[in-house]
Each structure stands twice: as structure tokens, then as C-alpha cells.
Amino acid sequence: MLTSNRLFLPLKLCLVALLLPGLAGAAEFTPGPVIKGFGAVADVKQTHPLKGDEHFKVVFNATQQGEGDKVNRKFDSLARFLNMQARAGVKPEQVELALVVHGKASFDLLTNAAYRKKFQRDNPNAPLIAELFKHKVRIILCGQAAAAHGIEAKDLLPGVEVALSAMTAHALLQQQGYTLNPG
């Protein structure tokens with residue numbers, strides 16, 4: 000049996016969307032200002048704006064490989080995070096990000112040569128990863144996934160770290176004060 004709260008939830012959400020102009024309409028998503036060409040975000044009128052003195056330490060997790068010749072959406076999330084915070088007044092130096100990669104997403108860390116050998120095209124993630132490294136983003140590959148997929152250190156883009164496992168990387172990053180982005 001549906002409770003009255005569950006029954007009226009869709010109606011309540013519609014009312015909220017109508018009462019908050021700008022949230023219900025289509026917004027323009029654009030990249031930058033930190034990572035140009037990646038991480039498109041919309042400008043948002045905040046009801047609780049950031050002060051600009053916040054410090055973020057966030058780790059993202061990627062397990063799924065990017066689709067075709069597109070950038071891995073999880074990798075692009077880090078560019079989005081940097082761009083959003085900058086637009087909200089938080090300096091890039093106040094944002095520390097890490098990306099733990101395992102599963103089939105491991106292939107998205109290959110050099111163009113290794114990626115071409117496996118997929119007959121350049122790695123579409125290489126330019127984004129190079130930009131993320133310019134902003135001190137740590138990218139950590141699960142050593143267990145690398146072993147399972149036959150990925151050797153020589154096949155990885157420069158700067159990619161290899162951990163014992165994704166589980167180990169997440170545990171160590173948590174001890175260093177990183178929070179896990181749930182998305």
C-alpha cells in the first residue's frame with residue numbers, strides 16, 4: 000500500500016521544479032575555466048553559495064571503460080569537479096583529487112600505442128588525463144586489475160600510479176583525508 004508521502008512525491012517534485020526558476024529549464028553546459036575542453040558544467044544560482052575558502056580532498060572511482068571513441072565519463076567527472084569549484088570561487092589549489100581505476104576502465108589508461116594495438120585507434124582519454132595531471136590529480140590503477148587484463152607498466156600513460164589494489168588505494172586515500180565521491 001502506498002503511503003500519502005509516496006503517492007504525492009512526484010507531484011511535490013513537479014511543484015518544486017516550477018517554484019525554482021532555472022532548475023527546471025535547460026541550462027547551457029560549457030567547459031572550463033580550469034580544464035578547458037573537458038568537464039562541461041552549468042552555472043547555478045546557489046541557495047548556499049561556497050565561501051571560497053573551502054578545501055576539497057576527493058577520490059573518484061572508475062570501473063567501466065569509456066564508450067567507443069568518447070572520453071570516459073568518470074574521468075571527465077574530475078574535470079567537471081575542478082571546473083565547478085572554480086566557477087563557485089574555490090581556487091584550483093584548494094582542490095585535491097584522486098582517481099582510482101580498476102575493472103575494464105583500466106584500458107583507458109593505456110598509451111596511444113598500447114591502446115591502438117588493442118582497439119585500433121588512439122586513446123580518447125589521453126588528452127584529458129594530461130590536463131588532469133597538470134592540475135596535480137593523482138590517477139591510481141589497481142595492480143590486480145592490471146594483472147588480470149595483462150597491462151604492464153610500459154603500457155601506461157606517464158604519471159599513472161599502480162597500487163597493490165583498488166581496495167588498498169581507497170583505504171590509504173581515506174587515511175589521508177580523501178572522501179569518496181559517490182557518483
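In numbering that gives the first Met the number 0, the protein residues as written are 0 to 182. Idealized CB from N, CA, C, for every residue including glycine. These numbers come from a predicted model, not from an experiment.
Using 8 Å as the threshold, is the C-beta distance between residue i and residue j below it?
{"i": "residue 177", "j": "residue 73", "result": "no"}
{"i": "residue 134", "j": "residue 49", "result": "no"}
{"i": "residue 32", "j": "residue 85", "result": "yes"}
{"i": "residue 40", "j": "residue 127", "result": "no"}
{"i": "residue 171", "j": "residue 108", "result": "no"}
{"i": "residue 88", "j": "residue 51", "result": "yes"}
{"i": "residue 152", "j": "residue 161", "result": "yes"}
{"i": "residue 100", "j": "residue 129", "result": "no"}
Tell me where the alpha helix (DSSP H) around residue i begins and ends.
{"i": "residue 53", "result": "Element bounds for residue 53: n/a, residue is neither H nor E."}
{"i": "residue 130", "result": "125–133"}
Give me the Cβ distance between residue i and residue j, rounded to the nearest whole Å; I'm assuming they're in contact under 8 Å.
{"i": "residue 132", "j": "residue 98", "result": "Not confirmed; about 11 Å, so no contact."}
{"i": "residue 37", "j": "residue 78", "result": "4 Å"}
{"i": "residue 102", "j": "residue 63", "result": "7 Å"}
{"i": "residue 76", "j": "residue 149", "result": "Not a contact, Cβ separation roughly 27 Å."}
{"i": "residue 42", "j": "residue 110", "result": "At roughly 36 Å, the Cβ-Cβ gap does not stay under 8 Å, so residue 42 and residue 110 are not in contact."}
Taking residue i as the reference, which of the options has the closest Cα?
{"i": "residue 117", "options": "140, 126 and 106", "result": "106"}
{"i": "residue 173", "options": "52, 70 and 96", "result": "96"}
{"i": "residue 124", "options": "53, 169 and 159", "result": "159"}
I'd like the span of the beta strand (DSSP E) that includes residue i, first residue to last.
{"i": "residue 137", "result": "137–141"}
{"i": "residue 96", "result": "94–100"}
{"i": "residue 113", "result": "Premise fails: residue 113 lies in the alpha helix (DSSP H), 111–118, not in any beta strand (DSSP E)."}
Only counting the same chain, and skipping five residues up and downstream in sequence, which positions put a Cβ closer than 7 Å to that of residue i?
{"i": "residue 21", "result": "Unreliable placement is indicated for residue 21, whose pLDDT of 48 sits below 50; no coordinate value is reported for it."}
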